[in-house]
Every structure is written in structure tokens, then in C-alpha cells.
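**Q** In the working numbering, the protein residues as written are 1357 to 1449. One structure, pasted below without further comment.
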Amino acid sequence: MRKFCIGDIRGDLYLLKKLMDRIGPGENDVMIFLGSYLGPGSDSKGVVEYLLNARKKPGTWIFLKGCYEFMFLHSIGNRPPEDTIRFRTPGVV
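This is the structure in C-alpha cells:
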């Protein structure tokens, strides 16, 4: 059995796939993801979809929530009503 800890994917699906191809996880392996799935990379949605599909494969898949995910969930749960949001041009009050 092998154990891998992977973190700071930050929306980079290309590098995630490259890493996973190199690891070649098997049914006896434990894959632990440390969070930061979303981020400045070009494909956060693709990363999430890839990992959701990966967890259906044999082996043990563990997903922890990182700071990006915490902030995302916090912002969804605490979003102000639409009629209270005002968009401003920088420098204009």
C-alpha cells in the first residue's frame, strides 16, 4: 500500500492529470488531497470534476477542505441579498 498527499492544485487540471498519470494510483493506494482545489489556474471546474470522478475508482480517496474551499463555501452561505449589492467604479464613491 502506498500513501500520497497532494495539495495546492489551484485549478491546474493539466498538472493534476500529469501527476496522477505518473503516480498511477491502484486499488490498494491511499490518495489524500489537502485542499486548494480551486484557484488561479485555468480550470478549477475541471479539477473538481476530475476528482469527483477519480473517487469512484478503486482505492481510498480522502478529500480535505483547504482555505480556498472554506472561503468559497463561506461566501456562498453569507452572500448579501442581490438588491443590496452595488457595483462601483474604482475611485468613484
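The beta-carbon is built from N, C-alpha and C at its ideal position, and this holds for glycine as well.
Does DSSP classify K1421 as helix, strand or coil?
**A** Numbered from its first residue, the sequence shown carries residue 1421 at position 65. Coil, per DSSP.
**Q** Within the continuous beta strand (DSSP E) that includes I1388, where are the two ends?
**A** The residue given as residue 1388 occupies position 32 in the sequence shown. I1388 -> beta strand (DSSP E) spans V1386 to F1389.
**Q** Cα separation between K1413 and K1373?
**A** On the sequence shown, position 57 is the one that residue 1413 refers to. On the sequence shown, position 17 is the one that residue 1373 refers to. Cα to Cα, the separation comes out at about 15 angstroms.
**Q** What does a CB cutoff of less than 6 angstroms around F1389 pick up in its chain, not counting 5 residues either side in sequence?
**A** In the sequence shown, counting from the first residue as 1, residue 1389 sits at position 33. Around F1389: I1362 and F1419.
**Q** In the structure shown, what three-state DSSP assignment does K1373 receive?
**A** As a first step, residue 1373 must be located in the sequence shown, where it is residue number 17. In this structure, K1373 counts as helix in the three-state DSSP scheme.
**Q** Please classify D1364 as buried or exposed, where buried requires at least 16 neighbouring CB atoms within 10 angstroms.
**A** Along the sequence shown, read from residue 1 onward, the residue named residue 1364 stands at position 8. The residue in question, D1364, is exposed, as its Cβ has fewer than 16 Cβ neighbours within 10 Å.
**Q** Would you decide whether G1422 is buried or exposed? Buried here means 16 or more other CB atoms lie within 10 Å of its CB.
**A** Reading the sequence shown from its first residue, position 66 is the one you call residue 1422. Label assigned to G1422: buried.
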